[in-house]
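Protein chains: 2
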Amino acid sequence: MFKKVLIAEDHEIANISVQKTLHDLGIHNTKYVYYCDHALTWIKNAIRDGESYDLLITDIEFEDDDSPQEIKDGLSLIKAVKMVQPDIKVIVLTAKDRSALINEMFRDNQIDGLVRKARRDGQHLREALQTVYQHRTYQSPDSKKFIQEQNSHEFTQFDLHIVKLLYEGISQKEMPEYLQQRDIRPSSLSSIEKRLNLMKDVLGFTKNEQLVAHCKELGFI
Amino acid sequence: MFKKVLIAEDHEIANISVQKTLHDLGIHNTKYVYYCDHALTWIKNAIRDGESYDLLITDIEFEDDDSPQEIKDGLSLIKAVKMVQPDIKVIVLTAKDRSALINEMFRDNQIDGLVRKARRDGQHLREALQTVYQHRTYQSPDSKKFIQEQNSHEFTQFDLHIVKLLYEGISQKEMPEYLQQRDIRPSSLSSIEKRLNLMKDVLGFTKNEQLVAHCKELGFI
DNA sequence: TACCTCCTTACGGGAACCCGTAAAGGATCG
DNA sequence: CGATCCTTTACGGGTTCCCGTAAGGAGGTA
């Protein structure tokens, strides 16, 4: 089983449980941190001392607070960690239902395990630890189906820009100007309309209100 | 300190930590359940046996799964529990940022403690336990500010109906018909427009998209 | 009853949005 | 270089939405 594990999780309550789970599995050499920056520091120091970590268990969403951080979310942390230690195993522990970014990283083998915070998450975490230790990938059952649902519509960067502008209260007729200023193309009103229609069509919506709420709910914007 | 505590929390990881926190505080007579229905059953049985619980610690959001439940969320559970045991203390442990319903119940003294799942939630839970035991109410620091923000606009039942219809993809001109069918008054297009404008004005929005996303985010619809 | 107030409803002009069609621009390939 | 295909843009009409004004109705008071 893993020997040395680092836990990055800002919620104290979740952090305690992960520690306890590891402890019950006989992993005693664990370190827990509440900030991404601290996690990277500890990993770097461990490499320097020739005692690098085997595994990183990290959340995705970290809340901002008074102490400003360089790295503000788990995905950025993973990228940074992989730069300094490409062979480290990574298990992601997240409350988010679905996210295109997580799925992408999972497919790109940046992530070895994916556990969704849900009813049986403790058991799923134990399964993930076992599986990942055997150099296989793991994802909890409930997160699997979301990846499939995900395929309903693949939002492009352009799509997200438009929806974000809508969410910010920009009218459609003002959008071409905004997009041009930010060097985003296409930028014409027609393209915006066409794209909005396509998104609504695919997702079975009739109004922009639904589209914006949907994207907001899924954390795209 | 409390003698007998019931924990209702569907996430295994969170549940473990709460148990551990209680254990560390010297509370050993704890029972944990993953479903609201089970929670109510245990409380009823404890009363029947003359050994009722002192405290209920519960989440708000419970995920649906294969086993269908009568009570599906924490607020309903609290109401049901208070019917059979009005003097039980209640601490709510929730990830939700803000919710008009929670705030209402807190003000109505249905809830004694409110801890938001966040960075220092473990410590906040310990503080809540101490404070509530002394017959005072507690809410974690980060949840306090949300209750204030809340007051920006008091949504009427009518407001919520309109926004809900928007979210369902109903066009404004179809709404009068819908509202009349459900005996909701006023029902004219003018009234709907006027009300939407007022809401947007108060909240500083320019577009319905923002309004719908806002209400969705706060759990009003 | 007359008068006032508050809320609801009705209506109309103008703006924004929806939708289909057609032209313009770019990329590829023979 | 021209032909073809695809994407982007431009335009026009029809609809919905926005917003101000005015008429109708319910309730309270003299």
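Residue numbers (the working numbering), protein chains in the order written: chain A, 5 to 225; chain B, 5 to 225. A virtual CB, placed ideally from N, CA and C, is assigned to each residue, including glycine.
- Annotation: A:ARG140 is outside any beta strand (DSSP E) and is labelled neither H nor E by DSSP.
- If one requires a minimum length of 3 residues, the beta strand (DSSP E) runs lying completely within the segment 44 to 96 of chain B are 59 to 62, in chain order.
- Proximity to B:ILE95 across B:ASP205, B:SER194, B:PHE6 peaks at B:PHE6, based on C-alpha coordinates.
- In chain A, no part has a C-beta under 8 Å from the C-beta of B:ILE51; the shortest such distance is about 27 Å.
- Think of a sphere of 7 Å around the beta carbon of B:ASN212: the chain A residues whose beta carbon falls inside it are GLU213, in chain order.
- Interface with chain A (7 Å Cβ-Cβ cutoff): B:SER80 is excluded.
- Residue environment analysis places A:THR98 among the buried positions, since at least 16 neighbouring C-beta atoms fall within 10 angstroms of its C-beta.
- Sequence-distant partners of A:ALA132 (beyond 5 residues in either direction) whose C-beta falls short of 7 Å from its own C-beta, in its chain, are ILE95, GLY117, VAL119, TYR142.
- Residue-level contact by beta carbon holds for B:TYR171 and chain A, with a gap shorter than 7 Å.
- The segment 36 to 50 of chain A makes contact with the segment 19 to 27 of chain A: 3 or more CB pairs, one atom from each, lie closer than 8 Å.
- In this structure, A:THR25 is the residue among A:THR25, A:LYS8, A:VAL88, A:TYR171 with its C-alpha nearest to the C-alpha of A:ASP125.
- Taking the C-beta atoms as reference points, B:VAL136 is found no nearer than 7 Å to B:LYS100.
- Shown here for A:LEU169: same chain residues with a beta carbon closer than 7 Å to its own, the five before and five after excluded, namely MET179, TYR182 in chain order.
- Per the DSSP secondary-structure output, A:ARG120 pairs in a beta bridge with A:THR98.
- When secondary structure is reduced to three states using DSSP, A:ILE106 falls in the helix class.
- Straight through space, the alpha carbons of B:HIS27 and B:SER71 are spaced by roughly 30 Å.
- Exposed is the label assigned to B:VAL88, since fewer than 16 other Cβ atoms lie within 10 Å of its Cβ.
- Across the set B:GLN176, B:ASP163, B:LEU207, B:GLY173, the C-alpha of B:LEU207 shows the shortest separation from the C-alpha of A:GLY173.
- Closest option to B:ALA12, judged by alpha-carbon separation, among B:ILE166, B:GLN214, B:TYR57, B:ILE61: B:ILE61.
- Secondary structure note for B:LYS177: it is in no beta strand (DSSP E), with a DSSP letter that is neither H nor E.
- By DSSP's assignment, A:TYR36 forms a beta bridge with A:ILE11.
- Between A:TYR57 and A:LEU105, the C-beta gap is not smaller than 7 Å, which leaves the two residues out of contact.
- DSSP, reduced to helix, strand and coil, places A:PHE209 outside both helices and strands of the structure shown, so it counts as coil.
- For a cut-off of 8 Å, the C-beta gap from A:ILE115 to A:ILE82 is around 7 Å, short enough to register as a contact.
- The shortest CA-to-CA distance from B:ILE166 to any of B:ARG140, B:LYS204, B:HIS139, B:GLN138 is the one to B:LYS204.
- Annotated as proximal: B:ILE196 and B:GLN176, with beta-carbon spacing under 7 Å.
- At least one beta carbon of chain B lies nearer than 7 Å to the beta carbon of A:HIS15.
- Note that the C-beta distance between A:LEU164 and A:PHE209 is not below 7 Å.
- For A:GLN127, the residues of chain B that pass the 8 Å Cβ criterion are GLU16, in the order they occur in the chain.
- Interface with chain A (7 Å Cβ-Cβ cutoff): B:VAL119 is excluded.
- A:ASP187 sits exposed, since fewer than 16 C-beta atoms from the chains shown fall within 10 Å of its C-beta.
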